[in-house]
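Going by my numbering, the sequence shown opens with residue 7, and the numbers climb by one from there. Positions of the beta carbon are idealized from the N, C-alpha and C atoms, including for glycine.
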Amino acid sequence: MIETLRNAWKIEELRKKILYTIMIVFIYRIGAAIPVPFMSADALQAMVDSTGSMLGFLNNMTGGAFANATLFAMSISPYITSSIVIQLLTVAIPALEQMAKEGAEGRKRLTQITRYTTLGLALVQSIAYYILNRNMGALAYYDGFSGVFSALVIILTFTAGAILIVWLGESIDRKGIGNGISMILFAGIISRGSSVISTVALYLERAREGETQFYIILPILGIVFLGIIFAIVLMTNAERRIPVQYAKRVVGRKMYGGQSSYIPVKVTMSGVMPVIFASALLSIPGMVKGFIDPNAERWVGKILGLFDYNTWFYAIIYLLLIIGFNYFYVAIQYNPIQMANDLRKNNGTIPGIRPGKPTSDFIAKVIGKITLVGALFIGAIAVLPIMIGGLAQVNIALGGTSIIIVVGVALDSVRQLESQMMMRHYKGFLE
């Protein structure tokens, strides 16, 4: 990874892209520190810090902007939710499905629809966030014209911040190294590194005060997380290669074909997107719980309490959603029938498999198996810290999700740089 970054830095065009990406991330972190007018985040911070609150998850994903009620408090949550909705509707609505098949122009129109959906969701979430802050007593003005004016300013500021984040992510896609939205999320998680150090220091303090089990638990947790990072890197680079043989053909006085190749099928084809989607979807019950503050003894409070991120119910639903989104994401990216037709057009065959439907069935079977393996792996990594945290009575439930996103985005960014260097035939890299 370090060698790839060093080689990319030597190329002027890539160096500009890297610097542009760093500048956009810096702007994002500035926005995450700008407080929204007429608000005091002390009461909200106390609620976010409470153990088991799903709002703590949102705070980690936003790099602390949620609890501090800053410009980017909504982060990329509205955009992720709108992306999920539009992709699901693309499968269900023929008009959107046809639009997705129209090439670059169709994708451009779908992107525009996603933006408008993001705007609507950002407005709804901003209103809900305003209500949450009002219930927590975090507003400077409540009644009269001052209360109405402050409400408009707060809601519009949160909405504008959510749309600005989408623009920042798309700017990284256009002029940076790519993977813009994931890069924004990556920066938010990394910025919370100091909280990890504070948590470790807290457990060490508890160990010195007599809870000596933390002297054993903390080293074990360190080894587990190093193992998780190693496993993520290993599985991200793992692939199943489907062999392909191209037939020989004579064109004029020259012979073409006859080569042996393969179709690479990544074990983790969908990357970190299933984790991001599942996390965003499961954050909704926690947000509702924080907004309406239900009585824990009533049935509404009991149901919403099941979605706290340190519960077994949350872990099971989280795992199932990751598997489901993994299959969904792979299904919209890979078309076995199209792949089989492309092989036939290029006189390619899979050894032992007849062209046509048998080939598409074989490719679909292989992709299905690999998708299941990748989904179970990602789900296990995300759920493992929840189970360990429950058994060891330590609050590390968000560790697996954060590690998957951070490592996954880092590897994706390196692959982006590698592919761009290969397109420029960078001699030092190819050797």
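Taking all protein chains shown into account, do 16 or more other C-beta atoms lie within 10 angstroms of the C-beta of residue i, making it buried, or fewer, making it exposed?
| i | result |
| --- | --- |
| T87 | buried |
| A168 | buried |
| T117 | exposed |
| G131 | It should be pointed out that residue 131 corresponds to Gln in this sequence rather than to Gly. With 16 or more Cβ atoms within 10 Å of its Cβ, Q131 is classed as buried. |
| D314 | buried |
| A403 | Note that A403 scores a pLDDT of 48, beneath 50, so its modelled location is shaky; the value from the coordinates is reported in the next line. Counting Cβ neighbours within 10 Å, A403 comes out buried, since at least 16 surround it. |
| F151 | exposed |
| I242 | Residue identity differs from the one stated: residue 242 is Thr in this sequence, not Ile. Under this definition T242 is a buried residue. |
| M427 | buried |
| V415 | buried |
| F155 | exposed |
| I82 | buried |
| Y320 | buried |
| T377 | buried |
| G354 | buried |
| S289 | buried |
Nearest to residue i by alpha carbon, out of the options?
| i | options | result |
| --- | --- | --- |
| I329 | Y340, I171, G380 and D179 | G380 |
| Y135 | R180, D348 and A79 | A79 |
| I234 | D314, S408 and I369 | S408 |
| P270 | M345, N352 and T68 | M345 |
| A38 | I309, N65, V420 and E18 | N65 |
| V413 | L240, T205 and L20 | L240 |
| V294 | A416, G182, F155 and L310 | L310 |
| P43 | N74, R421, A128 and Q219 | N74 |
| D179 | I411, P361, I28 and A106 | I28 |
| K114 | T163, K16 and E176 | E176 |
| I226 | I17, V206 and G216 | V206 |
For residue i, I'd like the list of residues in its chain whose CB is within less than 6 Å of its CB, leaving aside the five on either flank, ordered along the chain.
| i | result |
| --- | --- |
| M275 | V336 |
| M279 | Y335 |
| Y85 | T124 and V172 |
| N352 | none |
| P41 | T76 |
| K23 | G182 and I183 |
| I90 | F283 |
| S267 | V250 |
| P5 | With the chain represented from 7 up to 437, any question about residue 5 goes unanswered, as that position is not in the structure. |
| T96 | L102, E103 and A106 |
| Y432 | Any reading at Y432 needs caution, since the residue's pLDDT is 46, under 50, leaving its predicted position unreliable; the model's value is listed next. Correct list: empty, nothing qualifies. |
If I measure Cβ to Cβ from residue i and keep anything under 7 Å in the same chain, skipping five residues before and after, which residues do I get?
| i | result |
| --- | --- |
| A284 | Y324, L327, I328 and F331 |
| F368 | I356 and I359 |
| I119 | I92 |
Counting only the same chain and skipping the five closest in sequence on each side, list residues whose C-beta sits under 8 Å from that of residue i.
| i | result |
| --- | --- |
| A193 | V31, Y34, R35 and G69 |
| L210 | F220 and L224 |
| M45 | A75, N139, A144, L145, A146 and I160 |
**Request:** Specify whether the stretch 243–251 and the stretch 359–377 touch according to this definition: at least 3 beta carbon pairs, one from each stretch, less than 8 Å apart.
**Result:** The stretch 243–251, when compared against the stretch 359–377, does touch it at the 8 Å Cβ threshold.
**Item:** Cβ pair count under 8 Å reaching 3, the stretch 319–329 against the stretch 382–389
**Value:** Yes: at least three Cβ pairs fall under 8 Å.
**Request:** Tell me the start and end of each unbroken alpha helix (DSSP H) in the stretch 106–155 that is at least 4 residues and wholly inside, in chain order.
**Result:** For secondary structure counted as the alpha helix (DSSP H) over 4 or more consecutive residues, the stretch 106–155 holds these complete runs in sequence order: 110–141.
**Item:** Length at least 4, wholly inside the stretch 201–255: the alpha helix (DSSP H) runs in chain order
**Value:** Restricting attention to alpha helix (DSSP H) runs no shorter than 4 residues, the stretch 201–255 encloses them at 220–243, ordered along the chain.
**Prompt:** Would the stretch 200–213 and the stretch 182–191 be scored as touching if the rule is three or more Cβ pairs under 8 Å?
**Reply:** Contact between the stretch 200–213 and the stretch 182–191 is absent: fewer than 3 CB-CB pairs across the two stretches fall below 8 Å.
**Request:** Tell me, please, whether the stretch 158–174 touches the stretch 120–137 by the rule of three or more beta-carbon pairs shorter than 8 Å.
**Result:** Result yes; three or more Cβ-Cβ pairs closer than 8 Å.
**Request:** Check whether the stretch 225–241 touches the stretch 339–357, taking contact to mean three or more Cβ pairs, one atom from each stretch, closer than 8 Å.
**Result:** Between the stretch 225–241 and the stretch 339–357, the count of C-beta pairs closer than 8 Å stays below three; the two stretches do not touch.
**Prompt:** Taking only runs of the alpha helix (DSSP H) that begin and end inside the stretch 301–359, which ones reach a length of at least 4 residues, in chain order?
**Reply:** Along the length of the stretch 301–359, whole alpha helix (DSSP H) runs at least 4 residues long occupy 305–311, 318–339 and 342–351, reported in chain order.
**Prompt:** Fully enclosed by the stretch 76–106, which alpha helix (DSSP H) runs are 4 residues long or longer?
**Reply:** Correct list: 83–98 and 100–106.
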